[in-house]
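Chemist: Sharing a structure below in structure tokens format, with a few things to ask.
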Amino acid sequence: MLPYVFKRLLQAVPILLAVAALVFVMFSVIPGDFASTQSSDGRSAIDAEAVARMNTQFGLDEPVHVRFGKYAGKLLTLDLGTSFRTRQPVINSLSERIWPSLQLSMAAMLFAIAFGVPLGFLAALKPGGWVDMQSMIVAVSGLSLPQFWLGLMLMYTFALLLGWFPSFGYGDGNPRYLVLPAVALGVAPLALLARTTRAAVLEVMNADFVRTARAKGNSEVRVMRWHVARNAAVIVLTTLGLQFGSIMGGAVVIEKLFAWPGIGSLLVDSVSLRDIPVVQACILLLVLFFLIVNIVVDVLCALIDPRIKYS
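In the UniProt record's numbering, the protein residues as written are 1 to 311.
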């Protein structure tokens, strides 16, 4: 298992470099740069001179391949560069935003797991029953409702009307500030987990080894626990890994809506200001998180199902 994990980590290096190159080229060809966003009137001679000086200062007047070569060299030494806006190392900006983003992502996934997996499991026990119909409604609604609309409805209902939770902000880590954004972010993964769990449990329940386990006289509780749940967990874990890895990237809308100081809101602000080093660092961090989560899921699947072998 350790050689496999090491191999996957090595494979992540060219992926991160490819993502860095793609983002770098994209921001090099689109109109505008950081210097022009700081200019009050780009048509005046004074502003044009100031823009030229800033471009020289940040090396933006050099050819694209030269700038990328310098950036790739720094990246290989784990140097993410310096923010154009704050003039501070990018790692400082990221270190302040990582923990709030992790808090939001973990809370959203815990909410999705706590309600989505049991709902899907119960729906599979009686296909076509009342619970199954309700789970279908939850799944379709959760996957169809736009996140920003759901967030606004949660803010209006539970913050403005009922006053149970704050409407926005971080609150220095107060858990009450985490509830509404976590629910808004976790509804879509909850819906997908519910449907995936239902499909996985139904598939396993119809398998030959489950019928054999029942024929041997095993109790229904033992059959569900050791045969159905354990085999269905592999499929559910795979879906969970994909959702957990992508949920940080999908948190951009929720973080801006709830004024949550995470990686997503930092990414949006940096894109609008053309702060390229910060944008690149944020995207690389999200991609790295996605890769690590998928490696962890592969390891967990192998631990649950000994038939899975990695080389």
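Positions of the beta carbon are idealized from the N, C-alpha and C atoms, including for glycine.
Is any beta-carbon of chain D found at less than 8 angstroms from that of residue 192?
Modeler: Considering every chain present, this structure includes no chain D. It has just one protein chain.
Chemist: Who does residue 89 pair with in a DSSP beta bridge?
Modeler: DSSP, once it has assigned bridges, lists 82 as partnering residue 89.
Chemist: Please list, in chain order, all residues of the same chain as residue 259 whose beta carbon is under 7 angstroms from its beta carbon, the five residues on each side excluded.
Modeler: Same-chain partners within the cutoff: 168, 169.
Chemist: Under the three-state reduction of DSSP, which class applies to residue 244: helix, strand or coil?
Modeler: The answer is helix: DSSP assigns residue 244 an H, G or I state.
Chemist: At a cut of 8 angstroms, does the segment 285 to 302 reach the segment 116 to 134 through at least three beta carbon pairs?
Modeler: No, the segment 285 to 302 is not in contact with the segment 116 to 134.
Chemist: Since I believe residue 269 is in contact with residue 83 (beta carbons under 8 angstroms), could you give me their beta-carbon distance rounded to a whole number of angstroms?
Modeler: No, residue 83 and residue 269 are not in contact; Cβ-Cβ is about 11 angstroms, not under 8 angstroms.
Chemist: Please return the same chain residues whose Cβ sits closer than 8 angstroms to the Cβ of residue 45, not counting the five positions on each side in sequence.
Modeler: Its pLDDT being 45, under 50, residue 45 is placed unreliably in this model, and the value from its coordinates should be taken loosely. Answer for residue 45: no residue qualifies.
Chemist: For a minimum of 4 consecutive residues, which ranges assigned as the alpha helix (DSSP H) are wholly contained in the segment 143 to 173?
Modeler: Listed in chain order, they are 147 to 154.
Chemist: What did DSSP end up calling residue 197 once you bin it into helix, strand or coil?
Modeler: Residue state, collapsed to three classes: helix.
Chemist: Along the chain, where does the alpha helix (DSSP H) that runs through residue 275 open and close?
Modeler: Note, residue 275: premise wrong, no alpha helix (DSSP H); not H, not E.
Chemist: Could you give the first and the last residue of the continuous alpha helix (DSSP H) run that contains residue 254?
Modeler: That run of the alpha helix (DSSP H) goes 252 to 257.
Chemist: For the alpha helix (DSSP H) containing residue 74, list its first residue and its last residue.
Modeler: Its alpha helix (DSSP H) spans residues 64 to 76.
Chemist: Rounded to the nearest angstrom, what separates residue 214 and residue 286 at their Cα positions?
Modeler: Roughly 45 angstroms between the two C-alpha positions.
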